[in-house]
């Protein structure tokens, strides 16, 4: 079982790394066999190579900033959730995404599952 302080630290670190666009740092948070579903309902990215491609082809191609908009919530079952916002400039589009990410960690403190809860219809604001 992972201490809730570790869960909180990993989730906070994730937002910090998204904020500075540190793809390698983000990838270091994940287990090699992790699954990312971002947003929930899209095809999941399974395994570190697919996850790397997802981040490099998305966040890695954009100007982005991110910040928590509330405290990280943890469980005693190796999971945590956080609400945060991501501002993205990509291919001439400026967007603000409100997301709630839920992550599950293994006993080594590595993320094994990440699900991002947001949709273009309800959680994305086009910015000027």
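Residue numbers (the UniProt record's numbering): 1 to 128.
C-beta atoms are modelled at their ideal positions from N, C-alpha and C, and glycine is treated no differently.
These numbers were taken from a predicted model, which means no experiment stands behind them.
Under the three-state reduction of DSSP, residue 28 is assigned to helix.
When the five nearest sequence neighbours on each side are left out, the beta carbons in the same chain lying within less than 7 Å of the beta carbon of residue 99 are those of 84, 86, 116, 117, 118 and 123, in order along the chain. In the assembly as shown, residue 69 is an exposed residue. Its beta-carbon has fewer than 16 other beta-carbons within 10 Å.
Distances from the alpha-carbon of residue 91 to those of 79, 57 and 113 put 57 closest. With distances taken between CA atoms, residue 65 lies nearest to 16 out of 48, 10, 82 and 16.
Per DSSP, residue 125 lies in no alpha helix (DSSP H); the unbroken beta strand (DSSP E) holding it starts and ends at 124-126. The Cβ-Cβ distance between residue 23 and residue 36 does not fall below 8 Å. When C-alpha distances from residue 74 are compared across 32, 107 and 103, the shortest belongs to 103. Under the three-state reduction of DSSP, residue 121 is assigned to helix. The criterion of a C-beta distance shorter than 8 Å is not satisfied by residue 110 and residue 55.
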